[in-house]
Every structure is written in structure tokens, then in C-alpha cells.
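In our numbering, the protein residues as written are 183 to 834. For each residue, glycine too, the CB sits at the ideal point set by N, CA and C. If you're wondering where the values come from, they're calculated on a predicted model, not measured in any experiment. Presented below is the structure to which this report refers.
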Amino acid sequence: MATDTLKSKPGAQGSATGGLRRLLLDNGALTALIVLVVAMSALSGDFLTADNLLNVGVQAAVTAILAFGVTFVIVSAGIDLSVGSVAALSATVLAWSATEAGIPVALAVLLAVATGIVCGLVNGFLVSYGKLPPFIATLAMLSVARGLSLVISQGSPIAFPDSVSHLGDTLGGWLPVPVLVMVVMGLLTAFVLGRTYIGRSMYAIGGNEEAARLSGLRVKKQKLAIYAFSGLFAAAAGIVLASRLASAQPQAAQGYELDAIAAVVIGGASLAGGTGKASGTLIGALILAVLRNGLNLLSVSAFWQQVVIGVVIALAVLFDTVRRKAGATTPAAGTSGGGNKGKQALTYVIAAVVAVAVVGATSLLHNGSSGADKPKIGLSLSTLNNPFFVQIREGAEEEAKKLGVDLTVTDAQNDASQQANQLQNFTSGSLSAVVVNPVDSDAAGPSVRGANQAGIPVIAVDRGVNKADTSALVASDNVEGGALGAKALAEKLGGKGTIVILQGQAGTSASRERGAGFAEGLKAYPGIKVVAKQPADFDRTKGLDVMTNLLQAHPDIDGVFAENDEMALGAIKALGSKAGTSVQVVGFDGTPDGLKAVRAGTLYASVAQQPSELGRIAVRNALRAAEDEKVEKMVKVPVKVVTKENVAGFEG
């Protein structure tokens, strides 16, 4: 009776608006997606283009595939923090098997998929039979899988087999394969959740695990299968991601597990278990992709983007919570009848009509607008969490202001996949030229080739781009700089002594090149012995910790070579009074803090690359290329070894 009374109210109103409002309230994530699409279309004339919408689909694909696998786990009241690392490990296994080990590609793909499944089974075993909390079990796997990926690859990207790299291409020149894979995996997820015994078991376990066990479900075995599904989907996501980058990156998909969990929760699933569906997860992944794409197009600061995305995620979940408390109806996932399916289909039809109508209207705002007041250049930096690259940005912004250029700066956060997305966004926008400082030279290739096809000139800065056409490379020579650092340190030590090396982030070209140059330069000084090499990820805090640990094993070292100034400054802190007296430290980059330490005498030398000048020259050449003026293919900015004797008046 109460149900009939409630149902009669909307009917009595007889209002189409009220019905639409109810449909939208019943689908909070879908409402949020519509609002975002409409807002981005109104704010940016570049958002609502076929190329850019396909970009959004491609950029959502990896997160969505990971999230589909995580959906199984969350529906059953679990959590999986390992999917990003498992994705990287699976891709690394495939690339290494097919290239280094010479295994046939088809078998290598199966081996990669098996790797993901095995990781999932281990997670499931630890949770089911080891009685570990899912958070702890999968956190352990996160570390193990990432470590194995680094061990197998030796910290360097591995080229992906061409036959598998086609997964990152397009069909017919316009339909991206990653989007097709995403759709297929989404349909598989929907089928498993809604049409299979194990899918119904997931909802039962998530709703009440003890009741499910008493009802005859073999909960432990079901959990093994659930986590195996998550591992399988993680492997698929890793293969798609590596295909896009044309290489397996050992550091790929870092933090993606958080995006996957956010997509599932935004899509309406509860972390307490028992609810969730594939369509909601897809919508959640699309919301994250639309946000990042739109904020790039709107030239929002890379730092503010993280704030905005976090706020929107919180608001989306809060909206869904309010909706539930307000009594909005949600079909029982996996048990909905035909009527509910009809309502759900109607929801999506109405949503599509509303979105198309409103977006079409807002797009008229951009018709006839010239939008070409001044040249637009995009600058994608590998990271802004390092003073060296901050100086590149400052030099670029200074030159852009001087030349009257509209400069958009993005931060890839040392994530090659995120940088690929940013470069795709630049390509679909109305930019005159693009400047890229690659996270990895190989991984940037496919995205730069996309810019080549769109006729947008690309300038590489600090690091080159492989297998793509760049109008110019503006760089210092990292190898030469490493050799100069070796010479400076060896001569200061009188050609003999023991030293340690603090390496940069594994897999980055800067770390490889600087390390190779230092090793080559050190060959001329056989009296210098390297007693330890450890990565500190270009980070000052990690440099402090690693140096502190190394001093326990090697207290009598004579010198330290750090592949950037930040790690060198951390090492100086660990050395204390030894720095600059009994232990000589050489850094790299010539950052303001590094030069200050050189003046103070605690840092013996820094191999300075003049990063501000790199940024200025890159923007200058990008504008010339955009205006079809001749630019030199290779623009070298000299490196200098800066010591206390010549630091006065030096400009970095």
C-alpha cells in the first residue's frame, strides 16, 4: 500500500520535468557526467569535437578496464590496491618474453595474462585462507608486483612487439582500439555480474558474507575467483596501456589503483559491498577522463587540476549519498527485473537526448568566435615536482609573455601515460605548436606522431622523442654532463678513493644517460672505486634516507655523485659536517638551492644545464616552427661544471 501511494505522487503531478528529475536523481553519476560534458562544452570550443571525444574515450579506457576488475572486488566488500602494479608487471612480462626471451608473441600474451591471474589468485589466497585484510594483502602485492617489474626490466622501458602495439592504434583511421577493448571488457563485466552464478555470489558475499556462507556458498573459493578476475582485467589494462606507449614501462600505472577505485565508487558502488554495476563504473571512469581532458583544454594549472579532481570526486560521492538518503530508487544490482531494465534503458535514452540538446545549444556559443588573437603553444613537462623543470617552465613562461604567446603548461607527474593523454589533448586543441619534455623518449613517440599527422610542429626539450618527427631538440647533453661530473669529482679526489652513486628514477632517460656518461668518464680514473649505487628517485628526502643507509655500510667513502641536485642536497644533509670536507659531493642541474650549496662549500660542484634558458629557447623555436620559419634540428645549450670558484654571477 505504501509503495502504491509513493508511486502515485509523480503520476499525480503529471510533470515530465518531475519524471526527468527523478530519473536523474536515481542516477547521480550519470547526472554528474552530463553536467560536466555540458560545462566543458560551454567553456571550451575545443572540447566538443570528434577527435577530442575520441581522446576522452581512449584516456578513459585503461582506468575503466582496471575499474571493471575492481568492481568485482568492491561488490564483494573487498579492495584491491595492486591492480596498477599488476598491470605494469603483466606488460613487462609480455615485452620481455617477446623480445629478450624470444618467446612467440601469442605465447607471450598468454603468459602476461597468466601473470595477472596468478597475482589475483595470490591476493585471493592471502585474503581467503591467510585471513589477511584485503587492504594489507593487496598492498603487499602492490609492492611485490612493482618490484618484479623493475627487476625484470632492470628499470628500463622495454619495446613492445609491433603486433601487440596495434592495440593502441585505430581501426579505419578513426576508431581507437582501446575504446573497443574497453567496451568488450565492460560487456563482459555486465554479463558476469548479472548473468552468472559467480556474479550473484559476489553480491551475496558483499551483502552479508556470513549469511552467504550459511546459505551454502563456498566463500573462500569464490574470493579466489573474484581476485583472479581482478588480476585478469589488470593484465588486459596493462597490455592496452603499453600498446599505447609502444613500450612496457616498469613505472607505468602508478596511482591508477586509486583512480580505478574512485571510478567504481563514483559509479554508485558501495565500499561496504553488495552494490555496483558495470555501467556505473564506466560512467565513473568517463567522469575522471572528461575532467582531466577539459581542465587541460581550459589551461588550468597542473597543481589546481589535482585539487579540482579531488573535490569533484568527493562531490559526486556526496551527491550519491544524499540521493540515497532522499529515497531515490536504485535497482538491486544483479537482480533487476524487466521493468527496472526498461527504466534503466529509458534513463540512458533521456540522458542522451538531454545531453545532445544542451551540448548542441552551448556549442553555438563558440560558433563564429575567432579565438586566434595570439598563438597558442602547449608545454608538457615530465614533472613539476623538481626545481629543474620548474625553472624550465619559468623560462618558457617568461619568453611566452615577451613574445605574446598563450602558453599552456601541463605536469605529467613522471607518468608516461598521463603525458600521452596531455599530448593528445594538445593535438585536438587549437594549438600552433607543442613543446614536450618527455617522461620517456620511446613512450612519447606515438602521441607526437599524432601531432605530426595533425600538422602541429613539436619541439622536444631536454630529452628527445624516438620514432617521431620533432622540428627541433633543445637540450643539454646528459651523457656529456655525466662525464664532466665524473672528471670533476675524480680530480677533486686526486684520482683515487671510494664513491657512491645516487641514481634517479628508474626507467627515465635522464637517469640512464647521466649514469652512462658518469661511468664512461670514470674509466679514465682507475683509482676511483664505486662501492654502491642506489636509486633515490631524483627526490631530496629519498636522497637523505638512501645516503643515511649507505653510510652504515660504507662510513669511509670519499665522494658522492648524485644524478640531480635534489638528491645531492639530501646526501649533504645525511653527511653533516663531512660534506665538503672529508666527503666531496657532485650534483647535476644547477638549481638555485644547488648553487647556494656550492657557494657554501657543502656541494663541491653541480653540472649546470641552464634550465631557464632551455625553456626560453624551446618557446622561441616553437613559435618559429608554427610560423613556418626555419629552425635548427639540434639546439645545444652548453653544460657547465659550477664550483665555488666560478659560481659568482652564474645564471642557471
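Rank the options by C-alpha distance to the C-alpha of residue i and give the top, closest one.
i    : options                : result
A242 : A467, S564, A800, N596 : A467
D597 : P569, P316, V643, A688 : A688
T274 : V482, I334, I299, V489 : I334
E439 : P774, V268, V640, V780 : V268
T457 : D719, V257, R802       : V257
P557 : T245, K402, I638, L263 : I638
A418 : T245, T565, G337       : T245
E748 : G758, V728, L757, D775 : D775
V217 : V300, A672, G284, I469 : I469
K705 : V728, L666, L733       : L666
K715 : L732, N619, I408       : L732
L675 : Y786, D593, T297, P717 : Y786
K403 : G302, F317, A496       : G302
R575 : G611, V617, S599       : V617
N619 : A341, A296, V572       : V572
I340 : S429, A779, A288       : S429
If the criterion is Cβ atoms closer than 8 Å, does the pair residue i and residue j meet it?
i    : j    : result
K882 : G709 : Any question about residue 882 goes unanswered here, given that the chain covers just 183 to 834.
I421 : A259 : no
F254 : M367 : no
A327 : Q431 : no
L613 : V591 : no
V252 : V446 : yes
V767 : A756 : no
D451 : G462 : The residue you asked about is not Asp; residue 451 is Ala in the sequence shown. Going by C-beta atoms, A451 is nearer than 8 Å to G462.
V265 : A471 : no
L396 : M384 : no
I380 : A211 : no
T680 : K711 : yes
Compute the Euclidean distance between the alpha carbons of residue i and residue j, then round it to the nearest angstrom.
i    : j    : result
A657 : A668 : 20 Å
N648 : S623 : 5 Å
E695 : G664 : 8 Å
V829 : A790 : 10 Å
A194 : N305 : Note on A194: pLDDT 44, under 50, position unreliable in the model; no value is reported.
G646 : P793 : 15 Å
I448 : V219 : 16 Å
N660 : G560 : 24 Å
G329 : K812 : 46 Å
S693 : D719 : 9 Å
A650 : A602 : 13 Å
Q635 : A424 : 21 Å
W486 : T352 : 32 Å
F770 : V489 : 32 Å
A515 : D721 : Confidence at A515 is low in this model, with a pLDDT of 47, below 50, so its placement is unreliable and the value that follows should be read with caution. So the two alpha carbons sit approximately 46 Å from each other.
A744 : F570 : 14 Å
V713 : Q436 : 31 Å
G174 : N390 : This structure leaves residue 174 out entirely; the chain is present only between 183 and 834.
D810 : Q606 : 22 Å
T213 : D727 : 47 Å
V824 : L349 : 47 Å
D228 : L589 : 16 Å
A672 : D738 : 16 Å
L332 : S338 : 8 Å
Measure how close the beta-carbons of residue i and residue j come, nearest whole angstrom, since I'm counting them as under 8 Å.
i    : j    : result
A804 : A615 : 4 Å
L796 : V742 : Wrong, their Cβ atoms sit about 26 Å apart, outside the cutoff.
L427 : A625 : 4 Å
G762 : T730 : 18 Å between Cβ atoms; not a contact.
A416 : S272 : 7 Å
A578 : V801 : 5 Å
L276 : L248 : Going by Cβ atoms, the distance from L276 to L248 rounds to 17 Å, so no, they are not a contact pair.
L225 : L414 : At roughly 39 Å, the Cβ-Cβ gap does not stay under 8 Å, so L225 and L414 are not in contact.
L230 : L324 : With 8 Å as the limit, L230 and L324 do not qualify as a contact, their Cβ atoms being about 38 Å apart.
L477 : V494 : Between V494 and L477 the Cβ distance is about 10 Å, and since that is not below 8 Å, they are no contact.
P343 : A280 : 4 Å
R781 : K822 : About 15 Å; that fails the 8 Å criterion.
A633 : V643 : Not a contact, Cβ separation roughly 15 Å.
A434 : I299 : 19 Å between Cβ atoms; not a contact.
S310 : L406 : 6 Å
E662 : R798 : About 21 Å separates the two Cβ atoms, so there is no contact after all.
Say the cut is 7 Å; is the CB of residue i nearer than that to a heavy atom of the ligand MG?
i    : result
M749 : In the structure on display, the ligand MG does not appear, and there are no ligands present to speak of.
message: Ignoring anything shorter than 3 residues, give me the beta strand (DSSP E) runs that lie fully in the segment 685-753, in order along the chain.
response: 710-717, 741-744
- prompt: In chain order, which continuous runs of the alpha helix (DSSP H) of length 4 or greater are located wholly inside the segment 386-459?
  reply: If we require 4 residues or more, the alpha helix (DSSP H) runs fully inside the segment 386-459 come out as 391-396, 401-427, 438-448.
query: For the segment 760-788, which segments carrying the beta strand (DSSP E) assignment without a break, of at least 3 residues, lie completely within its bounds, in sequence order?
result: 766-771
query: Unbroken alpha helix (DSSP H) runs of length 4 or more, entirely within the segment 212-272: which are they?
result: Qualifying alpha helix (DSSP H) stretches, in chain order: 232-257.
- prompt: Which runs of the alpha helix (DSSP H) fall wholly inside the segment 559-621 and span at least 4 residues, in chain order?
  reply: 569-585, 598-610
- request: Only counting runs of 3 or more residues, tell me where the beta strand (DSSP E) segments fall wholly within the segment 631-661, in order along the chain.
  value: 640-643, 654-657
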